[in-house]
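Chemist: The structure's right below; bear with me while I get my questions together.
Protein chains: 2
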Amino acid sequence: MSDIMKQIVLASRPDGAPTLENFRLEEHPVPTPAEGEVLVRVHYMSLDPYMRGRMDDAKSYAANIPVDGKMEGGSVGEIIASNAKGFEVGEFVMGGFGWATHAVAPAAGLAKVDPATAPITYSLGVLGMPGLTGWYGLTELGKPKSGETLVVAAATGPVGSMVGQIAKSMGLRTVGIAGGAAKCKMAVEHFGFDVCLDHRAYESAADLRTALKEAAPKGVDIYFENVGGKVLEAVMPLMNPHGRIPICGMISWYNEGGLGADAIEKTLTAPKLWRTILVNFLSVNGFIISNHWNRMGDFHKAVGPMIADGSVKVQEDITEGLENAPDAFIKLLTGGNTGKAMVKVI
Amino acid sequence: MSDIMKQIVLASRPDGAPTLENFRLEEHPVPTPAEGEVLVRVHYMSLDPYMRGRMDDAKSYAANIPVDGKMEGGSVGEIIASNAKGFEVGEFVMGGFGWATHAVAPAAGLAKVDPATAPITYSLGVLGMPGLTGWYGLTELGKPKSGETLVVAAATGPVGSMVGQIAKSMGLRTVGIAGGAAKCKMAVEHFGFDVCLDHRAYESAADLRTALKEAAPKGVDIYFENVGGKVLEAVMPLMNPHGRIPICGMISWYNEGGLGADAIEKTLTAPKLWRTILVNFLSVNGFIISNHWNRMGDFHKAVGPMIADGSVKVQEDITEGLENAPDAFIKLLTGGNTGKAMVKVI
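Protein chains in written order, with our numbering: chain A, 1 to 346; chain B, 347 to 692.
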């Protein structure tokens with residue numbers, strides 16, 4: 001066992017899109033678990049769009065990462081030293097270990113992962129945070145009804161693909177949006193969307209809207225919002241009365257953190273937007289899945305069998321090596337991944 | 347009984363704020379009720395902000411009033427001729443009789459009003475559409491909890507005052523916003539708001555926000571949205587996590603129907619607005635009370651006793667004469683009324 005722990009820290013705050021210069025690889029001695037803690041050798045770490053927000057100063061869900069602080073994130077790994085009752089060396093656990101090869105963590109906050117039940121990578125994707133985000137947001141806030149029409153972007157991503165597959169299984173017409181012909185093909189052929197539109201093929205929101213109208217001839221009942229920007233702009237006027245918009249993220253805007261106070265004042269009012277919400281009786285709900293971890297059991301009960309019988313497909317995009325995490329993360333923010341992005345650390 | 351029916355029609359669509367020229371008084375013979383209909387002599391007609399939307403071409407809740415069509419609205423009056431079983435001459439009924447001295451209407455759609463139970467004007471205000479709007483929006487969409495803080499504008503209006511009083515009775519801190527010192531005094535002394543801010547005393551949304559911060563030191567849990575504009579802009583950044591925003595109207599924008607397609611594109615995106623909804627897990631719900639008439643019985647059961655025991659106060663602003671309805675309506679749109687606006691037609 002190596003006694004060196006590698007980790008990636010936030011070297012500087014990005015101005016717009018992050019660059020490799022915003023990250024720094026460091027080496028430290030492997031830490032020792034205190035009473036109640038375990039030492040974990042990370043096998044896979046997750047890359048997720050929300051991490052972009054943590055790199056900014058702006059108010060967001062959670063505290064930001066300080067400059068020189070370790071990049072945060074969920075990972076799955078093996079316990080290699082334990083100072084906690086009930087957690088044995090050799091067991092696998094999932095937790096917020098950050099961008100690192102090793103981590104010590106209080107055992108109490110960790111979820112055990114059984115490699116015999118499913119590949120451990122599933123705990124970061126289809127059976128983990130992104131999968132739960134899609135399932136919870138769709139079923140609890142989207143309130144899907146058979147015969148309705150759903151639109152979701154990033155359709156081949158771990159959230160969008162979960163949303164589309166669950167919605168399809170509930171009898172909805174599912175319209176995916178993705179970047180590029182290859183992803184659109186995958187959305188339809190692999191994930192079973194009724195139709196998928198390539199947002200790169202439409203120059204303006206208005207053009208995309210025209211295509212969406214054809215793809216969703218009865219209007220849109222649920223728009224599962226995970227991208228913002230052009231897609232949101234295209235979809236809003238197509239919302240049916242009593243439509244629902246669960247919002248879990250807006251990746252297309254994550255690099256626009258530089259909007260100043262002027263822009264805030266201007267866009268907070270947005271009369272036409274509010275009018276759309278009002279006259280269509282829309283229900284718009286922001287959520288963060290960490291407030292709903294208690295639903296993980298229900299989620300596994302509902303979706304585990306669907307993975308087993310093939311009605312929910314898995315697609316992973318694994319980058320090798322912790323040192324390549326920044327590059328993979330930068331790609332993720334512009335849709336350069338295909339499927340759940342993660343890094344193999346061991 | 348006069349055999350002349352007076353009515354006010356939409357002479358032309360307003361360009362911005364309506365003027366008297368947009369209305370025209372007409373005289374017609376009093377109509378005769380067909381089978382299943384009654385003839386009603388209107389006593390009081392309601393003036394409500396939503397009527398402004400009906401005067402435009404833009405898509406809204408409901409069909410617009412055609413040019414030369416009768417202005418729409420709810421009224422209460424006495425049956426003076428009946429061709430419908432179970433509806434007797436001398437009974438009072440409430441219905442969408444429009445801006446007119448008389449109306450024939452299918453009896454099936456009418457609600458009987460008992461003048462012995464409460465003044466008939468209550469059926470247009472505190473026990474009618476506006477009261478139900480406030481009660482339903484607050485209790486069903488606002489999900490108030492004791493100890494929380496509520497903000498509502500037009501605090502002395504029939505919706506705002508209902509919202510404030512019900513919230514207060516449920517243990518919330520209630521912050522009203524109203525136009526002018528007199529209304530603010532009434533909001534606190536008559537309607538029991540904990541505090542009321544005069545929006546006219548603050549030049550910018552930022553100034554109003556500073557005052558709101560003091561008035562709502564623990565942040566805002568429920569913003570009952572009925573005005574839009576400066577108030578909305580001031581409140582949004584003060585919303586607490588998991589805050590709720592029921593939207594029943596946005597009177598401050600009703601005269602801005604001329605916003606073109608460019609403005610739509612710009613304001614539909616509004617990144618900072620969406621970000622606020624997302625990072626605070628807000629629940630934003632547009633609604634129109636006509637989808638919830640079925641709750642009228644529950645509403646009366648809950649609020650009737652509160653009116654009787656004085657814990658819900660009534661404030662009416664009655665203009666005499668149908669011919670003065672346009673002027674009273676124009677005033678209503680700029681806050682020139684104090685309490686529920688209606689017109690005494692008989």
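Even for Gly, the Cβ is constructed at its ideal location relative to N, Cα and C.
Treat the numbers as computed from the prediction; the structure is a model and nothing was measured.
Indicate the three-state DSSP secondary structure (helix, strand or coil) for ALA107(A) in the structure shown.
Modeler: On the first sequence, position 107 is the one that residue 107(A) refers to. Of the three classes helix, strand and coil, the one that applies to ALA107(A) here is helix, per DSSP.
Chemist: Rounded to whole angstroms, what's the CA-CA distance from GLU437(B) to PRO452(B)? Just pull it up for me.
Modeler: The residue you call residue 437(B) lines up with position 91 of the second sequence. The residue you call residue 452(B) lines up with position 106 of the second sequence. The alpha-carbon atoms of GLU437(B) and PRO452(B) are separated by roughly 15 Å.
Chemist: Below 8 Å between beta carbons: does that hold for LYS183(A) and THR338(A)?
Modeler: Counting from 1 along the first sequence, the entry for residue 183(A) is found at position 183. Counting from 1 along the first sequence, the entry for residue 338(A) is found at position 338. Yes, these two residues count as a Cβ contact at 8 Å.
Chemist: Are the beta-carbon atoms belonging to MET532(B) and THR502(B) less than 8 Å from one another?
Modeler: For the purposes of this step, residue 532(B) is taken as the residue at position 186 of the second sequence. For the purposes of this step, residue 502(B) is taken as the residue at position 156 of the second sequence. For MET532(B) and THR502(B), yes; Cβs fall inside 8 Å.
Chemist: Using the beta-carbon count (16 or more within 10 Å), is ASP663(B) buried or exposed?
Modeler: For the purposes of this step, residue 663(B) is identified with residue 317 of the second sequence, where counting begins at 1. So ASP663(B) counts as buried.
Chemist: Which of the three DSSP states is assigned to LYS145(A) in this structure?
Modeler: On the first sequence, residue 145(A) is found 145 positions in, with the first residue counted as 1. If DSSP states are grouped into helix, strand and coil, LYS145(A) belongs with coil.
Chemist: Do the CB positions of VAL691(B) and TYR482(B) come within less than 8 Å of each other?
Modeler: Translated into positions along the second sequence, residue 691(B) becomes position 345. Translated into positions along the second sequence, residue 482(B) becomes position 136. Result no, Cβ atoms of VAL691(B) and TYR482(B) do not sit closer than 8 Å.
Chemist: Among ALA167(A), GLU37(A), SER204(A) and ALA205(A), whose alpha-carbon lies nearest the alpha-carbon of ILE222(A)?
Modeler: On the first sequence, position 222 is the one that residue 222(A) refers to. Here the closest residue by C-alpha is ALA167(A).
Chemist: What is the DSSP secondary structure of GLY525(B), reduced to helix, strand or coil?
Modeler: Residue 525(B) sits at position 179 when you count from the first residue of the second sequence. Looking at GLY525(B) - three-state DSSP - the assignment turns out to be coil, as it is neither helix nor strand.
Chemist: Verify whether the separation of the beta carbon atoms of PHE537(B) and VAL521(B) is less than 8 Å.
Modeler: Residue 537(B) sits at position 191 when you count from the first residue of the second sequence. Residue 521(B) sits at position 175 when you count from the first residue of the second sequence. Cβ distance not < 8 Å, so PHE537(B) and VAL521(B) don't count as in contact.
Chemist: Does the CB of ARG295(A) have a neighbour CB from chain B at under 8 Å?
Modeler: Translated into positions along the first sequence, residue 295(A) becomes position 295. No, ARG295(A) lies away from the interface with chain B (no Cβ there is under 8 Å from its Cβ).
Chemist: Are the CB atoms of GLY525(B) and PRO504(B) nearer to each other than 8 Å?
Modeler: Start at 1 with the first residue of the second sequence, and residue 525(B) comes out as number 179. Start at 1 with the first residue of the second sequence, and residue 504(B) comes out as number 158. Not in contact: GLY525(B) and PRO504(B) (Cβ atoms no closer than 8 Å).
Chemist: Between GLU233(A), TRP293(A), ASN64(A) and MET51(A), which lies nearest to GLU203(A) when the distance is taken from Cα to Cα?
Modeler: On the first sequence, residue 203(A) is found 203 positions in, with the first residue counted as 1. Measuring from the Cα of GLU203(A), the nearest candidate turns out to be GLU233(A).
Chemist: Okay, do the region 288-300 of chain A and the region 632-641 of chain B touch, 3+ Cβ pairs below 8 Å being the bar?
Modeler: Output reads no: the region 632-641 of chain B does not touch the region 288-300 of chain A.
Chemist: So, is VAL435(B) buried or exposed, given that buried needs 16 or more other C-beta atoms within 10 angstroms?
Modeler: Along the second sequence, one-based indexing puts residue 435(B) at 89. Per the 10 Å Cβ criterion, exposed.
Chemist: Got a sec: is the Cβ-Cβ distance from LEU614(B) to anything in chain A below 8 Å?
Modeler: Taking the second sequence and counting its residues from 1, one reaches residue 614(B) at position 268. Note that LEU614(B) scores a pLDDT of 49, beneath 50, so its modelled location is shaky; the value from the coordinates is reported in the next line. LEU614(B) counts as touching chain A.
Chemist: With 16 other CB atoms within 10 Å as the buried threshold, where does SER75(A) fall?
Modeler: Position 75 of the first sequence holds residue 75(A). When all chains shown are included, SER75(A) counts as buried.
Chemist: DSSP on HIS43(A), reduced to helix/strand/coil?
Modeler: Sequence index remark: in the first sequence, residue 43(A) carries index 43 (1-based). DSSP places HIS43(A) in strand when its eight states are reduced to three.
Chemist: Would you check if the distance between the CB atom of ASN572(B) and the CB atom of ALA500(B) is smaller than 8 Å?
Modeler: As a first step, residue 572(B) must be located in the second sequence, where it is residue number 226. As a first step, residue 500(B) must be located in the second sequence, where it is residue number 154. For ASN572(B) and ALA500(B), yes; Cβs fall inside 8 Å.
Chemist: Classify TYR468(B) as helix, strand or coil using the three-state DSSP reduction.
Modeler: Start at 1 with the first residue of the second sequence, and residue 468(B) comes out as number 122. Residue state, collapsed to three classes: helix.
Chemist: Short of 6 Å in beta carbon distance, which residues of its chain neighbour LEU366(B), apart from the five on each side in sequence? Order them along the chain.
Modeler: What you label residue 366(B) is simply residue 20 of the second sequence in a count that begins at 1. Within the same chain, LEU366(B) has close Cβ partners PRO672.
Chemist: Starting from SER507(B), trace the alpha helix (DSSP H) in both directions and tell me its first and last residue.
Modeler: Translated into the one-based positions of the second sequence, residue 507(B) becomes position 161. Start and end: 504-515.
Chemist: With a Cβ-Cβ cutoff of 8 Å, do MET94(A) and MET71(A) count as a contact?
Modeler: Taking the first sequence and counting its residues from 1, one reaches residue 94(A) at position 94. Taking the first sequence and counting its residues from 1, one reaches residue 71(A) at position 71. Cβ distance not < 8 Å, so MET94(A) and MET71(A) don't count as in contact.
Chemist: Assess contact between the region 136-146 of chain A and the region 111-118 of chain A, defined as three or more Cβ pairs (one per stretch) separated by less than 8 Å. Is contact present?
Modeler: No: fewer than three Cβ pairs fall under 8 Å.
Chemist: Measuring straight from C-alpha to C-alpha, what distance separates GLY98(A) and GLY73(A)?
Modeler: Walking along the first sequence from the start, residue 98(A) turns up at place 98. Walking along the first sequence from the start, residue 73(A) turns up at place 73. The alpha-carbon atoms of GLY98(A) and GLY73(A) are separated by roughly 4 Å.
Chemist: Could you tell me which of THR447(B), ASN410(B) and LEU678(B) sits nearest to VAL386(B), measuring between CA atoms?
Modeler: Taking the second sequence and counting its residues from 1, the one referred to as residue 386(B) is at position 40. VAL386(B) has its Cα closest to that of THR447(B), out of THR447(B), ASN410(B) and LEU678(B).
Chemist: Mind checking if MET250(A) is an interface residue toward chain B, Cβ cutoff 8 Å exclusive?
Modeler: In the first sequence, the residue the question calls residue 250(A) occupies position 250. So, interface residue.
Chemist: Would you identify the three-state DSSP class for ARG590(B), choosing helix, strand or coil?
Modeler: Position 244 of the second sequence holds residue 590(B). If DSSP states are grouped into helix, strand and coil, ARG590(B) belongs with the strands.
Chemist: So what's ASP631(B) in DSSP terms, helix, strand or just coil?
Modeler: Translated into positions along the second sequence, residue 631(B) becomes position 285. In the sequence on display, residue 631(B) carries Asn and not Asp. The answer is strand: DSSP assigns ASN631(B) an E or B state.
Chemist: So is THR556(B) buried or exposed if we call it buried at 16+ other beta carbons inside 10 Å?
Modeler: Residue numbering aside, residue 556(B) sits at position 210 when the second sequence is read from its first letter. Label assigned to THR556(B): exposed.
Chemist: So, helix, strand or coil for GLY423(B), using DSSP?
Modeler: Your numbering for residue 423(B) matches position 77 in the second sequence. It is a strand residue.
Chemist: Do you know offhand how far LEU393(B)'s Cα is from LEU678(B)'s?
Modeler: Position 47 of the second sequence holds residue 393(B). Position 332 of the second sequence holds residue 678(B). Roughly 8 Å between the two C-alpha positions.
Chemist: Using a Cβ-Cβ distance under 8 Å, would PRO672(B) count as near chain A?
Modeler: Walking along the second sequence from the start, residue 672(B) turns up at place 326. Not an interface residue.
Chemist: Cβ of TRP274(A) less than 8 Å from any chain B Cβ?
Modeler: As a position in the first sequence, residue 274(A) is number 274, starting the count at 1. Yes, TRP274(A) lies at the interface with chain B (some Cβ there is under 8 Å from its Cβ).
Chemist: Going along the chain, which residues of its own chain have a beta-carbon closer than 6 Å to the beta-carbon of SER283(A), five neighbours each way excluded?
Modeler: Reading the first sequence from its first residue, position 283 is the one you call residue 283(A). Taken in chain order, the residues that qualify are ARG244.
Chemist: Taking 8 Å as the limit between beta carbons, can you name the residues of its chain near VAL303(A), skipping five residues before and five after?
Modeler: On the first sequence, residue 303(A) is found 303 positions in, with the first residue counted as 1. For VAL303(A), where only same-chain residues beyond five positions count, the Cβ hits under 8 Å are VAL126, LEU127, GLY131, TRP135, MET162, ILE166 and VAL312.
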